[in-house]
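Going by my numbering, 627 is the number at position 223 of the sequence shown; the sequence numbering is gapless.
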Amino acid sequence: MSNEIEIKTERLINLLRENSLGGVLINAQHNFAWITGGRNNGIDLSRENGAASILVTVEGQRYLLANNIEMPRMLAEEISSDEFEPLEYGWQDEKANADLVFEKAKSVCGGIATTDYAIEGKIARCRYSLTDEETDRLRSLAGDASSALGQVISELSIGESELEIAEKLRHELALGKMASVVTLVAADDRISKYRHPIPTVNRWNKTLLLVMCAKRGGLIVSLSRMVCVGEVPHELKRKTESAAYVNACLLDATRPGVKGAELYQTAATAYAAQGFAGEIGRHHQGGAAGYRTREWVAHPQCGEIVQPDQAFAWNPSITGTKVEDTCLVTQNGVETITASPEFPQIAVTVAEREYFSPGILSI
């Protein structure tokens, strides 16, 4: 029996008791991956819901619910029947009755049940603190994603289109059994124009921004990198160093017990200290990560609280440049896990601690 699954089951039992519920039916793909330790119930990736569900009862029972099309594959390739008891139903019955799966779940747990969609905010808080197994998988994903991005950058050719570069990045991630859930590429003047530059046929000549969120086993890491042909212009370098300062201030402040609103204020103060007070209003700064690209985003009214062993991805940006990495909140402070050693590092000291952010790579 997986210790990870036992820990998560206990979290859900506590949630169910607190809300006087008999069980919760988990179907969203990100929640399914979480409760099963990284397994997949997705077929149609245009939908959030998956092709199989997990039922966890207040007594700690766990069930896998799937139709007769999916159950054989789920048991052979995804889910162990030792950890989740199979409950199969016919696909025709499912099509005839949209509530069939939930009705089965309610019958198992005495009629008082809910779905993960109905209590997503509460389920999310069960996800925030990662288990030891999850932090191991996240570090592995982070290293592989960073390497994949580095490989694509090492093979760049001037004149390639943003679309061509994005496709190479997706391919490189796929070789490592990763999926790119966000792929943004901006060349030259598009970097300054748009904070979320969807790749286009625009071809690059001087400066390039690559942004990606890579997923494996449900977990997601985010990172951004910039490259420049020849010497990096002074103003661009200065802006990047200022963004790195904001990043360092955020990393230093990301500690258990701190509220999201406090972190937003940390960023606002850091931008102002660098002479870029208005930039915080032009893009969000990132926030908690894990089974979503962002579990929550820091904003002035954010009441979310940093948890031990939680993942974060901060992405401070100043028009024309951006800094982004994924980190873990550990007992010894914040650990950046998507570092790219081939990139120049910008060191910033905050409260006698040194933090590193990626600079712009000159090629």
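C-beta atoms are modelled at their ideal positions from N, C-alpha and C, and glycine is treated no differently.
Practice task
Might you give, ordered along the chain, the residues of its own chain that have their beta carbon closer than 6 Å to the beta carbon of residue 713, omitting 5 neighbours on each side?
Solution key: 533 and 534
Exercise for the section: Can you grab the Cα-Cα spacing for the pair residue 609 / residue 593, in whole Å? Expected result: 10 Å
Exercise for the section: Starting from the C-beta of residue 681, find all residues in its chain whose C-beta is less than 7 Å away, skip the five residues before and the five after it, and write them out in chain order. Expected result: 675
Problem - Per-residue burial, residue 470 [other beta carbons within 10 Å of its own, 16 or more giving buried] - result: So residue 470 ends up on the buried side.
Practice task
Kindly indicate which three-state DSSP category residue 405 falls into: helix, strand or coil?
Solution key: Because the pLDDT of residue 405 is 46, which lies under 50, any placement of that residue in the model is unreliable, and the number read from its coordinates should be weighed accordingly. Of the three classes helix, strand and coil, the one that applies to residue 405 here is coil, per DSSP.
Handout entry: Span of the alpha helix (DSSP H), counted from its first residue to its last, around residue 716
Key = Taken as a continuous stretch (DSSP letters only), residue 716 belongs to no alpha helix (DSSP H), being part of the beta strand (DSSP E) at 715 to 718.
Problem - Short Cβ contact (8 Å threshold) for residue 718 with residue 708 - result: no
Practice task
Please confirm whether residue 487 and residue 444 have their CB atoms less than 8 Å apart.
Solution key: no
Exercise for the section: From the DSSP output, in three-state form, read off residue 561 for me. Expected result: coil
Problem - CB contact flag (residue 503, residue 435, <8 Å) - result: It is not a contact, given that the beta carbons lie outside the stated cut-off.
Practice task
Taking all protein chains shown into account, decide if residue 598 is buried (16 or more other Cβ within 10 angstroms of its Cβ) or exposed.
Solution key: exposed
Exercise for the section: Mark residue 721 as exposed unless 16 or more other C-beta atoms lie within 10 angstroms of its C-beta, in which case mark it buried. Expected result: buried
Exercise for the section: Look at residue 762 and residue 733 and say whether their C-beta atoms are less than 8 Å apart. Expected result: no
Practice task
Would you check if the segment 554 to 574 and the segment 614 to 627 touch, i.e. whether three or more CB-CB distances between them fall below 8 Å?
Solution key: yes
Handout entry: Buried or exposed (CB count within 10 angstroms, at least 16 for buried), residue 545
Key = buried
Exercise for the section: Just mark residue 750 as buried or exposed, buried being the case when its beta carbon has 16 or more other beta carbons within 10 Å. Expected result: buried
Practice task
Can you tell me which of the three DSSP states residue 569 falls into?
Solution key: Residue 569: helix per DSSP, three-state reduction.
Practice task
Decide if residue 499 is buried, meaning its Cβ has at least 16 other Cβ atoms within 10 Å, or exposed.
Solution key: That one is exposed.
Practice task
Run the proximity test for residue 582: is its beta-carbon closer than 7 Å to any non-hydrogen atom belonging to the ligand FMN?
Solution key: With respect to small molecules bound, the structure shown includes none, and the ligand FMN cannot be examined in it.
Problem - Limits of the beta strand (DSSP E) - the one that residue 760 falls within - result: 757 to 762
Practice task
Could you give the DSSP three-state label for residue 581: helix, strand or coil?
Solution key: Residue 581 carries a coil assignment under DSSP once its states are collapsed to helix, strand and coil.
Exercise for the section: Under 6 Å Cβ to Cβ from residue 478, same chain only, skipping five residues before and after it: list those, please. Expected result: 456 and 470
Exercise for the section: Could you tell me which uninterrupted alpha helix (DSSP H) segments, each at least 4 residues in length, are contained entirely in the segment 683 to 732, listed from first to last along the chain? Expected result: Uninterrupted alpha helix (DSSP H) stretches at least 4 residues long and entirely within the segment 683 to 732 do not occur.
Handout entry: Rounded straight-line distance, which links the Cα of residue 634 to that of residue 564
Key = 17 Å
Problem - For residue 578 and residue 656, believed in contact at Cβ under 8 Å, the rounded distance - result: Contact flag wrong, Cβ pair sits at about 36 Å.
Handout entry: Spatial distance of residue 689 from residue 465 (CA atoms)
Key = 40 Å
Exercise for the section: Evaluate the contact criterion for the segment 509 to 516 versus the segment 405 to 418: three or more CB pairs, one atom per stretch, below 8 Å. Expected result: The way I'd put it, the segment 509 to 516 doesn't touch the segment 405 to 418; fewer than three beta-carbon pairs between them come closer than 8 Å.
Practice task
Return the residue from the list 574, 646 and 660 that minimises the CA-CA distance to residue 387.
Solution key: The structure shown does not extend to residue 387, since the chain is modelled only from 405 to 767, so the question has no answer here.
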